[in-house]
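Chains as they are written, first to last, in my numbering: chain D, 1 to 301; chain P, 1001 to 1239; chain U, 2001 to 2292.
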Amino acid sequence: MTGKPFLIAAFAVVAGLLALVPQLGSEYWLGVAFIVAMWIALIQSWSLLSATTGYISLGHAVFYGIGAYVLVVSLDWMSVPYALALSGAAAGLLALVVGLPVLRVKGPYFVILTFGFAELVKNLVMLLETRLGQFSRMIFDAPSLEALYYAMLALAVIATALAAWTAQSRFGRGLAAIRENEVAAEAIGVPVTRLKLFAFVASAIIPGIVGGLLVLRTSYFAADQAFDPAVSFTIVTTAIVGGLGRVSGPLLGTLFLVILSELLWARFPQAYMMILGALLIVFILFVPQGLAGLVGRGLKR
Amino acid sequence: MTILDVQNVSKQFGGLKALQDVSFSVDEGTIFGLMGANGAGKTTLFGVIAGQIRPNGGSISFAGKTLAGQRPDQICRLGLGRTFQIVRPFGNLSVLDNVIVSAMYGSARAHRLVDATTAGRQALEDVGLAPLADQLAASLTLSNQKRLEIARALATGARLVLLDEVMAGLTATEVAEMTETLFRLRQERGLTILIIEHVMGALMNLSDRILVLDHGVPIAMGPPEQVVADENVLKVYFG
Amino acid sequence: MFQQLLFAAVVSGALYALVALGLNLVYGSLRLLNIAHGDLVMIGAYTAFWSFTLLGISPVVSLATTTVLCAAFGFLVYVVLLKRQLGSPALAQRLEANSLIIFYGLSVILQNGASLAFSATSRGYQFLDGVHSFAGVSATGSMLLLLGVAAAITLGALAFLRFHVAGWSLLAVIERKDAAAVVGVNVERVQMISICAGFAIAGVAGVLVSMTQQITPFMGFPFTIAAFVVVIMGGLGNIAAGIAAGFVLGFVETFGVALTSATYRSILIYGIFVGVLLLRPQGLFGKAVQAR
Ligand SMILES: Nc1ncnc2c1ncn2[C@@H]1O[C@H](COP(=O)(O)OP(=O)(O)O)[C@@H](O)[C@H]1O
Ligand SMILES: [Mg+2]
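Below, the structure written as structure tokens:
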């Protein structure tokens, strides 16, 4: 009963239920569902690089931020769908351009490099905006929340499907070999550099579009918020709490995160962040298989 | 027919000359032994052939194609597989998955899972790991991890494999079995083998020809009987 | 003008050298990248601030209390989070690989805890703010104190490593942990003391910073980044070169900002940071591999 058909059915049911949320007619629940879809899309995309290859990116906010920035700037010239496509393309292009040198750096250095790189880009965009005399930007005729929600849900489904496909594909096996031992992977014919770059670009595109959608939702862009390192941190934490290496991990992690955030974020933002920090430490040290691993073991019993 | 041709290869690490002007060639379907004390440069030579280490000079060709400037994965896809003296298993993957990924990406080009599984199981069968196919590679004993190294090199579909001290740590019976296996692979598949071994008896037994390195310098080459009688070799090995 | 800049560069260089020294100690002997390092600077700064404003205790005294406090915190982290993991080789390897994430979690806890407890307002106090002029340089007493303490600690650390037996065992652990154990060095103890000393040094740096700048709960991160730049420039685990690199960064930052403008400060620091990591990955990685 735990076979592939079962999982696919379970994911389809979840996606179907999420698709029905607008029918509730509640702005609040629609907002929550939007956030759920957003984190699923972000974390599944992140997993495409980091859970598969073990290159943990602590800078994915850079793709999200670039997507947001490109959207808000390009809306002056084009309609929303094109602007969103451009957001994704810009994020992918950024990954492609910086990927080769960045992916040569390994282990903890890669983690900290991605973080530093995201902060560098954030500061550059902030400087650029200051030079242009823009401290923040507003969007006036954004699409309805319902439309934005369906777009976000579509991204979440695509990202999840991509992760599921990768897990059992030749590509995914090559990435796993890279994670386990890069030198040995190359020695058995895995084109290591190309595969890593491919995973990096793939993991950047959807976050770029997500950043664009979120700006449309808030109708407001400020560089320090769009490139907020807390986004990168939340992605990594949620992914690890959910469990790396399982497609259900990001879903369980997101569920947990959103419940926690609904309970705490508005009233006790610092306590919320502290709990996230503590969860990160506890899970990485003591529950490396994450919630998905725990649930999986529970089901087997 | 020559399958591997190494000409005047040199490699320096800083001031250390790890390989000096090494030349030899290996005929297809033969077993070629590489001998020398610890630090003689044997593993470095494998690294240079398989593309992990860039030589300072010299040229290498495999099956008529030059390997200069090629990456290890490209060299592997030409049909050259290698093992690592210090084993590098994909620890968190099952033994079977270790060889499946080999078959998928190596010169075997078994892109489909069914084909790769068949090729992988065959490789495990060849080295006697089939019963352990579902275990995690990290949980294997060292001698089984050495077997897995061989299986992974074989599963790539290689025509030439470089085996780096794969018999170290095996018992006498296991050495005999492994020797048997290598002979069989050569016979059945026309596999060419370049092998480094410390177990001298085994190397003598296996090899059609042997090259002896001393501090990176080739000091003798020829059939086993001739090499053991060589005065340079005697000097180095027995003082 | 030039002398004044030079002096500013030396002061900030000494501070960076000090902060980086603590980071280097922890990385060197435990191979853990402590990204919460700057947050200990923040803790030291708040300790000095509250001691001074609430209790009227001089920051000079706080240097001592902070040393004890941060060392105790280091001990706690060591015992609760690290000790068991470092004990088994398999767990230790996972710990090394994940150290950055773990300490990032700790950093988030410390920053938000401080913000919850003290609010995010930036704070400051006046101590030894009389200006002394000499050789074309005007400096407050607090700056001179900062310089003196930072110089004393870094030079003291160098002398300790050079001339004291315990310093040699530390160097041995940094260089080759396994070999050090074989020749009878108590690796566990050296690691425990290193983490306590590393944390304490960061705390002391925080006390010094609080005398000369405004402090906030989120002030630590730039110090972490600066310390990483310094440590990576000097070669991870290489204590003496790290101290020299601290001054290099102080000079580059001070003169870089003087030549452009203050808005470029973060870009300069992050730019150097990214550049150093990108240009020397092989060197860095080589060092990391040696750790095994
Ligand atoms: N990456 C390297 N950097 C520096 N020196 C190396 C490196 N690899 C090997 N060496 C040195 O080159 C020499 C030959 O090593 P190696 O090829 O491993 O010898 P063997 O396999 O014959 O025992 C040794 O002295 C070794 O220390
Ligand atoms: Mg060797």
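Cβ coordinates follow ideal geometry from the N, Cα and C atoms, glycine included.
All of these numbers come straight from a predicted model, not from anything done at the bench.
Query                                                                                                                  : Result
Nearest candidate by alpha-carbon position, reference W2050/U, set Q2004/U, I2215/U, F2223/U and M2219/U               : I2215/U
T160/D Cβ short of 7 Å to ligand 2 heavy atom set                                                                      : no
Range of the contiguous alpha helix (DSSP H) that encloses Q1012/P                                                     : Counting along the chain, Q1012/P falls outside any alpha helix (DSSP H), though it belongs to the beta strand (DSSP E) covering T1002 to F1013.
Residue-chain proximity (Y2078/U, chain D), Cβ-Cβ < 8 Å                                                                : no
heavy atom of ligand 1 below 7 Å from A187/D C-beta                                                                    : no
beta-carbon K1042/P near ligand 2 non-hydrogen atom, thresh 7 Å                                                        : yes
Expected contact under 8 Å - CB spacing of V157/D and A15/D to nearest Å                                               : 5 Å
Where the region 64–98 of chain D meets chain U: residues whose CB sits under 7 Å from a CB there                      : none
Residue span of the beta strand (DSSP E) that contains A1018/P, given as start and end                                 : L1016 to D1027
F1013/P: CB within 7 Å of a non-hydrogen atom of ligand 4                                                              : Absence of ligand 4 is noted for the structure shown, with ligand 1 and ligand 2 being the only ligands found.
Status (buried if at least 16 other CB within 10 Å, exposed otherwise) for G133/D                                      : exposed
Cβ-Cβ separation, R1184/P to I1193/P (assumed contact under 8 Å), whole Å                                              : With a Cβ gap of about 12 Å, I1193/P and R1184/P do not count as contacting.
DSSP state of V1212/P mapped onto helix, strand, coil                                                                  : strand
8 Å CB neighbourhood of F2075/U in its chain, flanking five on each side removed                                       : M2192, I2195 and C2196
Under 9 Å from the C-beta of A167/D: neighbouring residues of chain P                                                  : Within chain P, no residue comes near A167/D; the closest Cβ sits about 12 Å away, beyond 9 Å.
Q1085/P beta carbon near ligand 2 (any heavy atom closer than 7 Å)                                                     : yes
Buried versus exposed, by CB contacts within 10 Å (16 or more), Y28/D                                                  : exposed
Neighbour flag for V105/D against chain U, beta carbons, 8 Å                                                           : yes
Reduced DSSP secondary structure (H/G/I, E/B, other) of T234/D                                                         : helix
Q225/D at chain U interface by Cβ criterion, 8 Å                                                                       : no
Distance CB(A226/D)-CB(G211/D) smaller than 8 Å                                                                        : yes
T2260/U, buried or exposed, once every other Cβ within 10 Å from all chains shown has been counted against 16          : exposed
Anticipated Cβ contact below 8 Å, L24/D with V215/D, distance rounded                                                  : Actually they do not touch by this definition, with Cβ atoms about 25 Å apart.
Chain D contacts made by the region 1139–1153 of chain P, where a contact means CB separation under 8 Å                : R1152 and A1153
Option in S87/D, F11/D, L291/D and L155/D with minimal Cα separation from A239/D                                       : L291/D
Span separating the alpha-carbon of L2106/U from that of L2116/U                                                       : 15 Å
C-alpha distance - W2168/U paired with L2063/U, whole-angstrom precision                                               : 26 Å
Boundaries of the beta strand (DSSP E) in which T2224/U is found, first to last residue                                : Taken as a continuous stretch (DSSP letters only), T2224/U belongs to no beta strand (DSSP E), being part of the alpha helix (DSSP H) at G2220 to G2234.
Stretch pair the region 1071–1079 of chain P + the region 1051–1058 of chain P: three plus CB contacts closer than 8 Å : yes
Residue range of the unbroken beta strand (DSSP E) whose run includes R1082/P                                          : L1080 to R1082
The region 42–61 of chain D: positions lying closer than 9 Å to chain U by Cβ                                          : G54, I56 and L58
6 Å Cβ shell around I56/D - same chain, five flanking residues per side excluded                                       : S50 and V111
Euclidean distance between Cα positions of A185/D and R131/D                                                           : 47 Å
First through last residue of the alpha helix (DSSP H) which encompasses A10/D                                         : K4 to L20
Residues sharing a beta bridge with P1218/P, DSSP                                                                      : L1213/P
Enclosing alpha helix (DSSP H) for F115/D [first to last residue]                                                      : G107 to R131
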